[in-house]
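Visitor: This is the structure I want to talk about, given as structure tokens.
In the working numbering, the protein residues as written are 71 to 325.
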């Protein structure tokens, strides 16, 4: 339901009262910011070196313009460069066989907590889930910027999924930054607060509402770990704010 304040003052709705601009919302928004996450929070130094080598050598379709280095020229990328990079990134990750060593320790730990259910249901490793995230964002970009309507089948589900994964990665980057300031003490604190035993009555009550005990304990451990971290720094707050930028979420109204 639309907030009443928007009915009184429509101009406050900065998304639906502005004309759609898919290239800016997708390429300069989600695509470019996800690459910023990759460079600033996700890739380790060895991973960044390998990604850069693959990026400059990766073959592009005929007619594509030259791509500037993401290491040195990311902030000056044009819309087309950001769009091309969004398509190539998951392919490059697959080609370089992205591994745990290519991801920073704190971001890997944050993803392991944030995507704990996905690793079970999708039966994927953390590096594989990371590739999946960038692949879904690329698919979302392709659909919202498609010229033909027949290319937009199942658009809403794909766009929502792309946004969901993007915001989760922003959260992981924010959490990883907080972890780096907590000097690694959060893991031991979280485990000491985690319930070691589950009573039969509690297990029966959980089963009655259709939720697995493991999922509840996992959620408890994750919440405890987050509470044990130090307050967010300016950098962690910056990462978190990227997930709520208006130009990122404008794509939700394109389909």
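Note that the Cβ used here is the ideal one computed from N, Cα and C, for glycine as well.
Source: prediction; values computed, not measured.
I'd like to check one pair, residue 204 with residue 163: are the Cβ atoms closer than 9 angstroms?
Guide: Yes, the pair counts as a contact, with Cβ atoms nearer than the cut-off.
Visitor: Which residue wins for smallest C-alpha separation from residue 196, given the options 182, 206, 108?
Guide: Measuring from the Cα of residue 196, the nearest candidate turns out to be 182.
Visitor: Looking only at DSSP bridge pairs, what is residue 196 linked to?
Guide: Note: residue 196 sits in no beta bridge, so no partner.
Visitor: Hey, quick one: how far does the alpha helix (DSSP H) through residue 188 stretch, first residue to last?
Guide: First-last of the alpha helix (DSSP H) with residue 188: 186 to 191.
Visitor: Which residues in the same chain as residue 108 place their Cβ atom closer than 6 angstroms to its Cβ, once the five residues preceding and following it in sequence are excluded?
Guide: The answer is none, since no qualifying residue turns up.
Visitor: Cβ of residue 169 within 9 angstroms of Cβ of residue 244?
Guide: Not a contact, by the Cβ cut-off of 9 angstroms.
Visitor: Considering just the uninterrupted stretch of the alpha helix (DSSP H) at residue 117, what are its terminal residues?
Guide: First-last of the alpha helix (DSSP H) with residue 117: 115 to 127.
Visitor: Let's see if you can read the secondary structure: which residues bound the alpha helix (DSSP H) around residue 153?
Guide: Segment 149 to 165, the alpha helix (DSSP H) holding residue 153.
Visitor: Just to confirm my understanding: we take residue 242, look at its own chain, exclude 5 residues before and 5 after, and list those with CB closer than 7 angstroms. What are they?
Guide: Only 177, 180, 181, 184 meet the Cβ criterion.
Visitor: Quick check on this structure: which residue in 248, 233, 247, 249 has the alpha carbon closest to the alpha carbon of residue 103?
Guide: Closest by alpha carbon: 233.
Visitor: Should residue 247 be labelled buried (16 or more other beta-carbon atoms within 10 Å of its own) or exposed?
Guide: Residue 247 is buried by the Cβ-count criterion.
Visitor: Taking the alpha-carbon positions, what's the residue 116 to residue 206 distance?
Guide: Near 25 angstroms, if we compare the C-alpha coordinates of residue 206 and residue 116.
Visitor: Check the C-beta distance from residue 171 over to residue 135 and give it rounded, since I have them as a contact under 8 angstroms.
Guide: Rounded, the Cβ-Cβ distance is 33 angstroms, inconsistent with contact.
Visitor: Mind checking which residues open and close the alpha helix (DSSP H) that includes residue 168?
Guide: Segment: none, residue 168 is in no alpha helix (DSSP H) and carries neither H nor E.
Visitor: Work out the CA separation of residue 79 and residue 124 for me, nearest whole Å.
Guide: When rounded, the distance between both Cα atoms is 49 angstroms.
Visitor: Just to confirm, is the Cβ distance from residue 153 to residue 215 under 9 angstroms?
Guide: Closer than 9 angstroms, so yes.
Visitor: With residue 215 as the anchor, note down where its alpha helix (DSSP H) starts and where it stops.
Guide: Looking at the DSSP string, residue 215 is not in any alpha helix (DSSP H), and its letter there is neither H nor E.
Visitor: Could you tell me the boundaries of the alpha helix (DSSP H) in which residue 312 lies?
Guide: It spans 304 to 312 - the alpha helix (DSSP H) in which residue 312 sits, taken as one unbroken run.
Visitor: Below 6 angstroms CB to CB, which residues in the same chain sit around residue 313 once its five sequence neighbours on both sides are set aside?
Guide: Hits under 6 angstroms: 237, 240.
Visitor: Buried or exposed for residue 74, going by 16 or more other Cβ atoms inside 10 Å?
Guide: Residue 74 comes out exposed.
Visitor: From 188, 224, 194, 99, pick the residue whose C-alpha is nearest to that of residue 145; which is it?
Guide: Checking every option, the nearest Cα to that of residue 145 belongs to 99.
Visitor: On a CA-only basis, which of 187, 186, 199, 155 is nearest residue 129? Give me that one, please.
Guide: The shortest C-alpha separation from residue 129 is found at 155.
Visitor: By how many angstroms is the C-alpha of residue 308 removed from the C-alpha of residue 137?
Guide: The straight-line gap from Cα to Cα measures roughly 27 angstroms.
Visitor: Where residue 186 and residue 143 are concerned, what is the direct C-alpha to C-alpha distance, given to the nearest angstrom?
Guide: In a straight line, the C-alpha of residue 186 is about 34 angstroms away from that of residue 143.
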